[in-house]
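My numbering applies: residue 5 is where the sequence shown begins, and numbers increase by one.
For glycine and all other residues, C-beta sits at the position ideal for the given N, C-alpha and C.
Bear in mind that the values here come from a model prediction, so they are computed numbers and not experimental data.
These notes concern the structure reproduced below.
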Amino acid sequence: MANLAASSLENNCELSTKPINQDCPVSTAIEVIGGKWKVIILYQLRGKTLRFGELKRLIPKITQKTLTQQLRDLEKDKLIERTVYAEVPPRVEYTPTELAEQLNSALDLLCAWGAKYQAAHGDIWPRKS
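If you want it as structure tokens, here you go:
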């Protein structure tokens, strides 16, 4: 079955020197969750609902403007649900959708790989600006 999946990916993503076409599932995935912050936001939201301020505290290097934009993009792409409560001050919560929860195993693998990379390359990580 793994060979069938690999064969299907090869058909969609043409493993060659040609540019990857728009129908490639990898291109779609990177288009939806690519960038510096989206994966980090989704990782922080795994299995829980968080308010904007909580996300900002968990990701201190992200600006408020960027967090707002990334959350809007994730909502537009159906990866998070935004719930606004009619309170003063307004309360807004973000929850991963079922579609986003399907990424959890991939996020776990990325986390494990990142930890191994850090351990193996401590001489160059973290990067110095």
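Using the beta-carbon count (16 or more within 10 Å), is Gln122 buried or exposed? Counting Cβ neighbours within 10 Å, Gln122 comes out exposed, since fewer than 16 surround it.
Enclosing alpha helix (DSSP H) for Arg76 [first to last residue]: Unbroken alpha helix (DSSP H) run through Arg76: 68-80.
Give me, in chain order, the residues of the same chain whose beta-carbon lies closer than 8 Å to that of Thr101; leave out the 5 immediate sequence neighbours on both sides. Around Thr101: Lys82, Leu83, Ile84, Glu85.
Using 10 angstroms around the beta-carbon of Ala104, count the other beta-carbons present and answer buried if the total reaches 16, otherwise exposed. The residue is buried, with at least 16 neighbouring Cβ atoms inside 10 Å.
Rounded to whole angstroms, what is the Cα-Cα separation between Lys60 and Ile37? In a straight line, the C-alpha of Lys60 is about 18 Å away from that of Ile37.
Could you spell out where the alpha helix (DSSP H) holding Val36 opens and where it closes? First-last of the alpha helix (DSSP H) with Val36: 29-37.
Figure out for me which residue from Val43, Gln74, Pro29, Asp27 has the closest Cα to the Cα of Cys115. Closest by alpha carbon: Val43.
Out of Asp27, Trp129, Glu79, Val30, state which residue places its alpha-carbon closest to the alpha-carbon of Ile45. Measuring C-alpha to C-alpha distances from Ile45 to each of Asp27, Trp129, Glu79, Val30 identifies Glu79 as the nearest.
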